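Undergrad: Note that this note's numbering has the sequence shown beginning at 335, numbered continuously upward.
The C-beta atom is built at its ideal place from N, Cα and C for all residues, glycine as well.
Model, not experiment: these values are computed from the prediction.
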Amino acid sequence: MVTAAPETAPPILAESGPASPMLEWAFFEGRMVPFTEAKISVGTHAVQYGTGAFAGIRGYLDDDGETINIPRLPEHAGRLLNSAKLLRAELPFDRASLAQTVIDLVQRNAPTGDVYVRPFIYKASVQLTPRLKNLKDELAIYMLSLGDYLDTSKGVKAIVSSWVRVPDNAIPGRGKLSGAYVNAAFAKDEAEEKGADEAILLNTSGKVAEGSACNLFLVRDGVLITAPITGDILEGITRRTILQFAADEGIPTETRTIDRSELYLAEEAFFCGTGVQVAAIASIDGRPVADGRPGPITGRLQALYFDTVRGRSDRYRHLITPVRVVR
Ligand code: PMP
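Below, the structure written as structure tokens:
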């Protein structure tokens with residue numbers, strides 16, 4: 335029997351309007367439409383089989399109140415097209431036109447605060463067989479208001495998940511493929527059930543991969559360490575930004591396989607991602623990371639990150655696409 339949703343169900347993602355974080359306009363199958371009209375059939379291939387690819391792009395309101403600063407827009411567009419390529423999607427968009435469509439939508443919505451933009455390329459056919467070829471591909475983009483995804487003001491609690499990160503030869507995790515996020519959802523739920531904020535997934539070799547929706551860095555003996563992109567992780571754009579910051583700041587880095595036990599010995603640890611931003615980790619499996627407070631390298635990189643994405647850093651202004659909005 336199908337039952338009605340409980341009345342206490344959060345209103346999030348239902349409609350656009352004052353109670354919802356969704357912004358009014360969406361891009362849907364070639365046109366700007368009200369978000370509430372950007373709808374697909376329940377029989378859509380991507381809904382049934384997870385045959386979609388998405389991006390998660392932030393926009394930060396500049397201090398001038400009139401500009402939305404989008405960090406690394408060309409890289410997000412490029413990764414989305416790579417994810418779509420894994421799905422053999424065929425669309426009339428290249429990196430530049432995809433990025434421009436995001437800019438057009440931001441201008442159309444003219445946000446008054448920080449936003450998150452979610453482009454989605456998906457197998458749009460209503461078709462029964464799970465396959466990739468000979469299906470219609472479409473692009474939709476919607477936007478919502480978004481503050482912190484994980485608390486960035488203090489350290490978060492993490493656990494090592496009993497769910498293994500989906501391996502490259504099952505569902506390639508280097509792309510943002512919708513179906514792979516069932517794996518992320520299992521891990522996130524487990525973390526929350528255990529009173530933690532975020533999960534750390536190991537890969538099928540038992541080595542540290544990443545969080546459910548973020549990459550991971552450790553500091554050991556003053557060296558900043560992160561897993562390699564061949565370690566069943568998403569090819570994170572923030573991860574690359576952090577590695578660049580570290581190089582510029584003279585912080586030594588290593589991109590290498592990480593053992594689980596190193597999580598328990600780290601002097602510092604943090605998650606990073608477009609949504610997550612830079613979030614210090616206070617404990618892993620109930621073991622405090624050092625004294626449980628964000629460490630100095632994490633603090634430095636976090637400050638640089640927020641300066642950059644908010645458009646306050648001259649040095650890293652080239653990482654930002656500023657979008658003027660007229661209200
Ligand atoms: N890993 C996973 C599984 C993610 O979903 C994300 C969020 N996109 C990240 C890492 C971080 O990637 P990025 O810095 O490109 O947002």
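#1: Give, in chain order, every unbroken run of the alpha helix (DSSP H) that is at least 4 residues long and sits entirely within the segment 359-421.
#2: When you compare the CB positions of I391 and V659, do they come within less than 8 Å of one another, or not?
#3: With a threshold of 16 other CB atoms inside 10 Å of the CB of A387, please say whether the residue is buried or exposed.
#4: Shorter than 7 Å, the distance from the beta carbon of L568 to the closest heavy atom of the ligand PMP, or not?
#5: Relative to the C-alpha of R499, which residue among T632, F640, A533 and S595 is closest?
#6: Can you determine whether any heavy atom of the ligand FMN sits closer than 7 Å to the C-beta of A518, and answer yes or no?
#7: Between which two residues does the alpha helix (DSSP H) containing S431 stretch?
#8: If we require 4 or more residues per run, which alpha helix (DSSP H) segments fall completely within the segment 582-643?
#9: Leaving out five residues before and five after A343 in sequence, what residues of the same chain have Cβ atoms less than 8 Å from its Cβ?
#10: Between F427, R590, G556 and M477, which lies nearest to D448 when the distance is taken from Cα to Cα?
#11: With H, G and I counted as helix, E and B as strand and the rest as coil, what does DSSP make of G489?
#12: Is the beta carbon of N443 within less than 7 Å of some heavy atom of the ligand PMP?
#13: Whose C-beta lies closer than 6 Å to the C-beta of A444 among residues of the same chain, with five residues either side of it excluded?
#14: Is it the case that the CB of T564 approaches a heavy atom of the ligand PMP more closely than 7 Å?
#15: Could you give the distance in angstroms between the alpha-carbon of E569 and the alpha-carbon of G545?
TA: With the structure as the only source:
#1: Within the segment 359-421, the complete alpha helix (DSSP H) runs of at least 4 residues fall at 379-383 and 407-420.
#2: In the sequence shown, residue 391 corresponds to position 57, counting from 1. In the sequence shown, residue 659 corresponds to position 325, counting from 1. Contact flag unset, no.
#3: To locate residue 387, count along the sequence shown from 1; it is residue 53. Classification for A387: buried.
#4: Counted from its first residue, the sequence shown places residue 568 at position 234. Yes, the Cβ of L568 comes within 7 Å of a heavy atom of the ligand PMP.
#5: Within the sequence shown, the letter at position 165 stands for residue 499. For the set T632, F640, A533 and S595, the Cα lying nearest the Cα of R499 is the one of A533.
#6: The ligand FMN is not part of the structure shown, which contains the ligand PMP as its ligands.
#7: Along the sequence shown, read from residue 1 onward, the residue named residue 431 stands at position 97. It spans R429 to N443 - the alpha helix (DSSP H) in which S431 sits, taken as one unbroken run.
#8: As far as the segment 582-643 is concerned, its whole alpha helix (DSSP H) runs of at least 4 residues are 594-599 and 630-643.
#9: Position 9 of the sequence shown, counted from the first residue, corresponds to residue 343. Confidence at A343 is low in this model, with a pLDDT of 38, below 50, so the placement of that residue should be treated as unreliable; the coordinate-derived value is given next. Within the same chain, and ignoring the five residues on either side of A343 in sequence, no residue has its Cβ closer than 8 Å to its Cβ.
#10: Counting from one through the sequence shown, the residue named residue 448 turns up at place 114. Its Cα nearest to that of D448, the residue M477 stands out among F427, R590, G556 and M477.
#11: Numbered from 1 along the sequence shown, position 155 holds the residue referred to as residue 489. Of the three classes helix, strand and coil, the one that applies to G489 here is coil, per DSSP.
#12: Within the sequence shown, residue 443 is the residue found at index 109, counting from 1. Between the ligand PMP and N443, a heavy atom-to-CB distance of less than 7 Å is absent.
#13: Along the sequence shown, read from residue 1 onward, the residue named residue 444 stands at position 110. Once the five neighbours on either side are set aside, the close Cβ partners of A444 are V659 and R661.
#14: Here residue 564 refers to the residue found at position 230 when the sequence shown is read from its first residue. In this structure, T564 has its beta carbon at no less than 7 Å from each heavy atom of the ligand PMP.
#15: As a first step, residue 569 must be located in the sequence shown, where it is residue number 235. As a first step, residue 545 must be located in the sequence shown, where it is residue number 211. About 13 Å.
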